[in-house]
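Numbering (the numbering used here), first residue to last: 18 to 322. Beta carbons are placed, not taken as given, at the ideal position from N, Cα and C, and that holds for glycine. As the structure is a computational prediction, the values presented were derived from the model and not from experiment. First the structure, in the form of structure tokens, and then the observations on it.
Here it is, written out as structure tokens:
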């Protein structure tokens, strides 16, 4: 796999940096022990499904089909099961309260001192989130519509704004995937281009971690071969080129939001988060295990990035 160096001086690359920093800042929440314990206390057995429940809760009481469409890369049966567990036990407002209460303590444990600098960035991060339209961006729009903290210039407020921008990038990526007629299993297989396969052991790990079985994986490889993106049960050279280009297009679609944040403030956001990258990854390794949250383990970038 080609590994591309990142030119930190280019504005387009700043969008990619900000996206990576946002994954670091937010991703640990999916396996946060404090949040999972409080989620379990709401009545959800063993806190099962917190990984995705706190994101789905932003959508309100939608049906599982809508939620699966918004999540895109997760097997719909997983979404349905997670939603049934929490709908039988609690309400979405309580789930979001659990998330919010876990942000500050979690940040203080992972990156002591980060919160004070993050709080200063709340207003410009919200400015970026508010600058772009909602169309075809369900997760982003849902998160942006949620009530914001009364303390506007707080670490929680900044974290929520950064999460909106992270969801924006995700929605942009899924819109591009949909335009290329890629389904949930196919995108998981193609995402292997972005990570170190020696670390992951297989190009199938990501797709399998989203709830897909042998039959679904085999069928997805067959579809990718028809599309010229795979050969012999592996991503082809064209598939790699295609996936890296998809990443560049995702960054381009997300750039207007970071333009609204401002170049200097975006750079400040990156410089605040990036020194803690290893700490955020270590937190995920400790709570979820290795390989989880591939977005914080990206090893490849588009050649022009």
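Quiz item: So residue 222 is in the alpha helix (DSSP H); what residue range does that whole segment cover?
Solution: Residue numbering aside, residue 222 sits at position 205 when the chain shown is read from its first letter. For residue 222, the uninterrupted alpha helix (DSSP H) run begins and ends at 222 to 226, by DSSP.
Exercise. Tell me where the alpha helix (DSSP H) around residue 118 begins and ends.
Key: Position 101 of the chain shown, counted from the first residue, corresponds to residue 118. Residues 109 to 127.
Practice problem: Report back the beta-carbon spacing between residue 277 and residue 145 to the nearest angstrom; my notes put them in contact at under 8 Å. | Solution: Your numbering for residue 277 matches position 260 in the chain shown. Your numbering for residue 145 matches position 128 in the chain shown. Contact flag correct, Cβ pair sits at about 5 Å.
Exercise. Could you tell me which uninterrupted alpha helix (DSSP H) segments, each at least 4 residues in length, are contained entirely in the stretch 251 to 306, listed from first to last along the chain?
Key: Runs of the alpha helix (DSSP H) inside the stretch 251 to 306: 254 to 278, 280 to 290, 294 to 304.
Exercise. Look up residue 247 in the DSSP assignment and give the residues it is bridged to.
Key: By one-based count along the chain shown, residue 247 stands at place 230. When beta bridges are read from the DSSP output, residue 247 appears opposite 252.
Quiz item: What three-state label does DSSP hand residue 179 in the structure shown?
Solution: Taking the first residue of the chain shown as 1, we reach residue 179 at position 162. Collapsing the DSSP output to three states places residue 179 in a helix.
Quiz item: Are the stretch 289 to 300 and the stretch 139 to 157 touching by the rule of at least three beta carbon pairs closer than 8 Å?
Solution: Counting C-beta pairs closer than 8 Å gives fewer than three between the stretch 289 to 300 and the stretch 139 to 157, which falls short of the contact rule.
Quiz item: When the Cα of residue 159 is compared with those of 169, 39, 202, 177, which residue comes out closest?
Solution: Translated into positions along the chain shown, residue 159 becomes position 142. Looking from the CA of residue 159, the closest CA among 169, 39, 202, 177 belongs to 177.
Exercise. Measure the alpha-carbon distance for residue 220 versus residue 230 and round it to whole angstroms.
Key: By 1-based counting over the chain shown, the position of residue 220 is 203. By 1-based counting over the chain shown, the position of residue 230 is 213. Going from the Cα of residue 220 to the Cα of residue 230 covers about 14 Å.
Quiz item: Roughly how many whole angstroms lie between the Cα atoms of residue 252 and residue 246?
Solution: Stepping through the chain shown from its first residue, residue 252 is reached at position 235. Stepping through the chain shown from its first residue, residue 246 is reached at position 229. For residue 252 and residue 246, the distance between alpha carbons rounds to 6 Å.
Quiz item: Does DSSP put residue 310 in a helix, in a strand, or in coil?
Solution: Sequence index remark: in the chain shown, residue 310 carries index 293 (1-based). If DSSP states are grouped into helix, strand and coil, residue 310 belongs with coil.
Self-check item: residue 240 versus residue 89 - alpha carbon distance
Solution: Taking the chain shown and counting its residues from 1, the one referred to as residue 240 is at position 223. Taking the chain shown and counting its residues from 1, the one referred to as residue 89 is at position 72. So the alpha carbons of these two residues sit roughly 17 Å apart.
Quiz prompt | Neighbourhood of residue 186 by C-beta, 6 Å cutoff - its chain only, sequence neighbours within 5 removed | solution = For the purposes of this step, residue 186 is identified with residue 169 of the chain shown, where counting begins at 1. So the list reads 36, 271, once near-sequence residues are dropped.
Quiz item: Does residue 281 have its Cβ less than 8 Å from a Cβ in chain C?
Solution: Looking at the structure shown, chain C is missing, and only one protein chain is on hand.
Quiz prompt | Proximal residues to residue 183 (C-beta, below 6 Å), its chain only, five neighbours per side dropped | solution = The residue you call residue 183 lines up with position 166 of the chain shown. For residue 183, where only same-chain residues beyond five positions count, the Cβ hits under 6 Å are 39, 43.
Quiz item: Who are the near neighbours of residue 140 in its chain, counting only those whose CB is closer than 8 Å to its CB and skipping five residues on each side?
Solution: Counting from one through the chain shown, the residue named residue 140 turns up at place 123. Scanning its chain for C-beta atoms nearer than 8 Å, with the 5 sequence neighbours on each side dropped, one finds around residue 140 the residues 169, 170, in chain order.
Exercise. Taking 8 Å as the cut-off, decide whether the C-beta atoms of residue 69 and residue 103 are in contact.
Key: Looking up residue 69 in the chain shown gives position 52. Looking up residue 103 in the chain shown gives position 86. Remark: C-beta atoms of residue 69 and residue 103 do not approach each other more closely than 8 Å.
Quiz item: Which class does residue 26 belong to by DSSP, given the choice of helix, strand or coil?
Solution: For the purposes of this step, residue 26 is taken as residue 9 along the chain shown, with counting starting at 1. Any reading at residue 26 must be qualified, since the residue scores a pLDDT of 41, below 50, and its modelled position is unreliable; no value is offered.
Quiz item: Among the residues of its own chain, which have a CB less than 7 Å from the CB of residue 179, if the five just before and after it don't count?
Solution: As a first step, residue 179 must be located in the chain shown, where it is residue number 162. Excluding positions up to five away in sequence, the list reads 39, 42, 43, 142.
Self-check item: Rounded straight-line distance, which links the Cα of residue 135 to that of residue 175
Solution: On the chain shown, position 158 is the one that residue 175 refers to. On the chain shown, position 118 is the one that residue 135 refers to. Going by C-alpha positions, residue 175 is about 6 Å away from residue 135.
Quiz item: Do you know offhand how far residue 64's Cα is from residue 55's?
Solution: Counting from 1 along the chain shown, the entry for residue 64 is found at position 47. Counting from 1 along the chain shown, the entry for residue 55 is found at position 38. Those two C-alpha atoms are separated by around 8 Å.
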